[in-house]
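Colleague: If you're matching them up, the sequences are chains A and B in order.
Per this note's numbering, residue 3 is the first one in the first sequence, and the count goes up by one each step.
Per this note's numbering, residue 3 is the first one in the second sequence, and the count goes up by one each step.
Cβ coordinates follow ideal geometry from the N, Cα and C atoms, glycine included.
2 protein chains.
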Amino acid sequence: MSLLVVGSVALDTVETPFGKVEDCLGGSATYFSTAASFYTPVKLVAVVGQDFPTHHLEFLKERQVDLAGLQVADGRTFRWSGYYEYDLNTAHTRDTQLNVFASFHPALPEGYRDCPFVFLANIDPDLQMEVLKQVRRPRLVALDTMNYWIENKRESLTGAISMVDLVVMNEAEVREFGGSPSLIKAARRILGLGPQFLVIKKGEDGAVMVTPSAYSVAPAYPLEEVRDPTGAGDTFAGGLMGYLARCGEPTLAALRMGMVHGSVLASFTVEDFSLERLKTLTRSQIGERVEEVKSFNCFEEE
Amino acid sequence: MSLLVVGSVALDTVETPFGKVEDCLGGSATYFSTAASFYTPVKLVAVVGQDFPTHHLEFLKERQVDLAGLQVADGRTFRWSGYYEYDLNTAHTRDTQLNVFASFHPALPEGYRDCPFVFLANIDPDLQMEVLKQVRRPRLVALDTMNYWIENKRESLTGAISMVDLVVMNEAEVREFGGSPSLIKAARRILGLGPQFLVIKKGEDGAVMVTPSAYSVAPAYPLEEVRDPTGAGDTFAGGLMGYLARCGEPTLAALRMGMVHGSVLASFTVEDFSLERLKTLTRSQIGERVEEVKSFNCFEEE
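1) Near B:Thr79, which residues of its chain fall below 8 Å by C-beta distance, leaving aside the five closest residues on each side in sequence?
2) Going by DSSP, name the residue or residues bridged to B:Gly21.
3) What residue range does the beta strand (DSSP E) around B:Ile202 cover?
4) Is DSSP giving A:Tyr223 helix, strand or coil here?
5) Looking only at its own chain, which residues have a Cβ that is under 6 Å from the Cβ of B:Asp116, when we skip the five neighbours before and after it?
6) What are the partner residues of B:Phe119, as DSSP defines its beta bridges?
7) What separation, rounded to the nearest whole angstrom, lies between the Cα atoms of B:Leu110 and B:Gly196?
8) Does the distance from the CB of B:Ala220 to the CB of B:Gly208 come in under 7 Å?
9) Counting only beta-carbon separations shorter than 7 Å, does A:Ser218 have a partner in chain B?
10) My understanding is that B:Tyr88 touches B:Thr237, with C-beta atoms under 8 Å, so please give their C-beta distance in whole angstroms.
11) Does DSSP put B:Asp68 in a helix, a strand or coil?
12) Determine which residues of the stretch 254 to 269 of chain A have a Cβ less than 7 Å from any Cβ of chain B, and write them out in chain order.
13) Mind listing the chain A neighbours of B:Ser184? Cutoff is C-beta to C-beta under 7 Å, in chain order.
14) Can you give me the Cβ contacts of A:Thr232 inside the same chain, cut-off strictly under 6 Å, excluding the 5 residues immediately before and after it?
15) What's the call for A:Lys203, buried or exposed, on a 16-neighbour Cβ count within 10 Å?
16) For B:Leu145, which of B:Arg291, B:Cys26 and B:Met243 has the nearest alpha-carbon?
17) So the candidates are A:His107, A:Val166, A:Ser269 and A:Thr160; which of them puts its Cα closest to the Cα of A:Leu225?
18) According to the neighbour-count rule (16 or more other Cβ atoms, all chains shown, within 10 Å of its Cβ), is A:Glu293 buried or exposed?
19) State the beta-bridge partners of A:Tyr217 as determined by DSSP.
20) Please report the straight-line C-alpha distance between A:Gln198 and B:Ser35, rounded to a whole angstrom.
21) Pick helix, strand or coil for A:Met171, following the three-state DSSP scheme.
22) Return the CA-CA distance between B:Pro214 and B:Pro140, expressed in angstroms with no decimal places.
23) Taking the continuous alpha helix (DSSP H) assigned at B:Gly244, which residues delimit it?
24) Looking at the C-beta of B:Glu304, does it have a partner C-beta in chain A at a distance below 7 Å?
25) Run the CB neighbour count on A:Lys22, radius 10 Å, all protein chains shown included, and call it buried at 16 or more, exposed below.
26) Kindly confirm or deny that the stretch 35 to 46 of chain A and the stretch 61 to 68 of chain A touch, where touching means at least three C-beta pairs closer than 8 Å.
27) For B:Cys300, which residues in chain A fall below 7 Å Cβ to Cβ?
28) Taking only beta carbons into account, state which residues of the stretch 84 to 113 of chain A come closer than 9 Å to chain B, listed in chain order.
29) Do you know whose CA, among B:Ala93, B:Phe275, B:Gly260 and B:Thr160, lies nearest B:Gly180's CA?
30) Helix or strand or just coil, what does DSSP make of B:Arg279?
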């Protein structure tokens with residue numbers, strides 16, 4: 003089943019202890035679509051400027067990502083510049099230039115409005131709400147966010163969260179939005195707003211899912227070397243939602259295996275800068291790591 | 003099969019955002035023995051002073067912990083005083099009084115020397131070596147340590163690690179001793195010294211085990227409230243080693259399920275101060291949580 007994503011397409015400048023890249027392909031919707039495209043057709047809604055390199059568009063088209071919803075606006079593409087130190091869990095922002103993103107309003111082509119699976123990547127919650135007004139009876143809507151919106155648009159964000167089925171956040175965001183140092187307490191407060199599922203991203207500790215009646219744990223794939231963690235969270239969400247859309251029904255079992263697939267996809271993304279590793283990734287490589295992760299299972303009684 | 007532990011028996015003064023206790027029962031060997039006693043008979047080697055309250059000894063005896071190896075020396079019992087802030091992962095030490103521990107040398111009663119399972123809790127690695135010289139052909143020897151020994155007795159510690167089968171450390175200790183920000187790289191270096199198994203404690207993110215050929219992940223049991231994390235790591239080790247000793251053979255499957263049992267035991271310890279929660283714990287309560295943790299399993303394909 004098809005999957006709609008609304009988010010950013012960006013040009014990133016990233017420095018880590020392992021190298022530096024300038025104006026490379028980035029953005030939440032880019033990582034998400036590329037990851038999800040291994041599982042299902044993806045329809046993308048975003049905006050780029052006149053300066054956006056066409057070979058990046060060609061790459062997305064080759065991945066069968068539908069770009070009918072990608073606006074090309076006058077001006078420069080959204081840019082993010084940041085760096086990581088040896089603690090690769092924390093991104094330090096050097097510069098954010100909204101550029102064409104500053105006046106962006108998502109407009110869904112008619113053919114997008116019946117998409118059964120919808121992902122609202124990390125953008126202004128008011129824009130996330132604009133998307134929700136344009137979709138018709140989706141089977142599952144998921145939402146990601148970030149500390150900036152929690153701190154500056156809490157009311158809009160609370161409204162958006164109350165209208166979706168699945169929330170994807172990292173640990174710190176759950177604690178901050180849920181208002182408790184206890185992750186589980188904070189998680190219960192978020193579920194209290196309406197969503198059925200909360201997936202908490204924990205970086206190299208994997209991911210957990212909390213629902214009103216179940217708790218699930220997906221391990222991360224352990225890597226000796228991480229070169230650039232940019233896009234790991236969006237890739238995770240892309241693997242999770244892509245897998246769900248392929249399954250067709252968002253059952254608990256599908257969500258659980260989806261988290262494993264999301265973790266595996268993210269483990270590839272962080273092996274290199276930008277989307278370089280995803281560009282050469284194959285389905286069989288994904289399958290091999292999924293099988294490996296299954297072998298980490300501790301639940302066999304003696 | 004019986005299980006020998008050498009470590010500390012202490013009187014702790016602990017403050018957390020949820021309360022304070024003074025001179026309560028503590029010490030690595032105490033938490034370890036109590037946890038392990040749910041699975042197997044435990045023989046304890048440690049030292050206390052003349053001031054050690056006899057009702058604590060009675061408690062350990064009731065738990066079938068063999069105290070023949072517990073020395074009662076002239077002087078005061080080892081005391082630790084510390085506090086935790088809302089980030090309960092980090093213990094802040096206010097005061098450490100070694101007292102009778104300063105001149106402690108472990109002396110194994112003859113009946114202890116053939117114990118098949120041996121745990122060297124966090125003490126001076128020179129004392130851990132003294133124990134290794136007194137045991138005869140154990141089936142599995144495990145060792146715990148802390149940053150103090152890594153920084154001040156690295157050579158002795160390296161020697162001790164090279165002589166054991168299983169190392170139990172927390173994440174920060176693995177990175178510090180293994181000398182890499184990459185947990186997996188650091189883990190491989192530790193395994194390179196000789197041990198077959200490295201179990202890495204990750205607090206509320208559970209535990210992972212790294213061996214030369216396998217990787218395993220045990221989730222933590224999620225709690226809404228943690229009152230006092232003191233002793234969680236020693237309790238985890240006690241559950242793990244107790245389970246292994248009950249199984250009799252340290253197979254990979256036994257180690258994996260042992261990690262789950264260790265996590266579950268630790269989840270009880272942190273619910274209250276000192277060993278209060280372990281005092282009222284029953285085997286069926288342990289079994290219920292183990293079953294719950296098994297239900298967190300993400301590895302069912304659609």
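Modeller: So, from the data block:
1) Val11, Ala12, Leu13, Val50, Gly51, Asp53, Phe54, Asn101 and Val102.
2) Under DSSP, the beta-bridge partners assigned to B:Gly21 are B:Thr18.
3) B:Ile202 -> beta strand (DSSP E) spans Phe199 to Lys203.
4) In the structure shown, A:Tyr223 adopts coil according to DSSP, grouped into three states.
5) Counting only Cβ-Cβ distances below 6 Å, and skipping sequence neighbours, we find Arg138.
6) Assignment of beta-bridge partners to B:Phe119 by DSSP yields B:Leu5 and B:Leu142.
7) Computed Cα separation, rounded: 25 Å.
8) Cβ distance < 7 Å, so B:Ala220 and B:Gly208 count as in contact.
9) Yes - at least one Cβ of chain B is within 7 Å of the one on A:Ser218.
10) Contact between B:Tyr88 and B:Thr237 fails: their C-beta atoms lie close to 22 Å from each other, not under 8 Å.
11) DSSP, read as helix, strand or coil, puts B:Asp68 in strand.
12) Within the stretch 254 to 269 of chain A, Ala255, Ala256, Arg258, Met259, Met261 and Val262 place their CB atoms closer than 7 Å to a CB of chain B, listed in sequence order.
13) Correct list: Glu226 and Glu227.
14) Within the same chain, Val16 come within 6 Å of A:Thr232 by CB-CB distance, once the 5 residues on both sides are set aside.
15) Under this definition A:Lys203 is a buried residue.
16) Checking every option, the nearest Cα to that of B:Leu145 belongs to B:Met243.
17) Comparing Cα positions, the closest option is A:Ser269.
18) Exposed is the call here.
19) BP columns for A:Tyr217 point to A:Val212.
20) When rounded, the distance between both Cα atoms is 42 Å.
21) Strand, per DSSP.
22) Rounded to the nearest angstrom, the gap between the Cα atoms of B:Pro214 and B:Pro140 is 21 Å.
23) Annotation: the continuous alpha helix (DSSP H) that includes B:Gly244 extends over Ala234 to Cys249.
24) Any reading at B:Glu304 must be qualified, since the residue scores a pLDDT of 43, below 50, and its modelled position is unreliable; no value is offered.
25) Of the residues assessed, A:Lys22 falls on the exposed side of the cut-off, its CB having fewer than 16 other CB atoms within 10 angstroms.
26) Cβ pair count under 8 Å is three or more, so yes.
27) Residues of chain A passing the Cβ test: Ser218, Val219, Ala220, Arg258, Met259, Met261 and Val262.
28) Answer set for the stretch 84 to 113 of chain A: Tyr88, Asp89 and Leu90.
29) Check the Cα spacing between B:Gly180 and each of B:Ala93, B:Phe275, B:Gly260 and B:Thr160: the tightest is with B:Thr160.
30) Three-state result, B:Arg279: helix.
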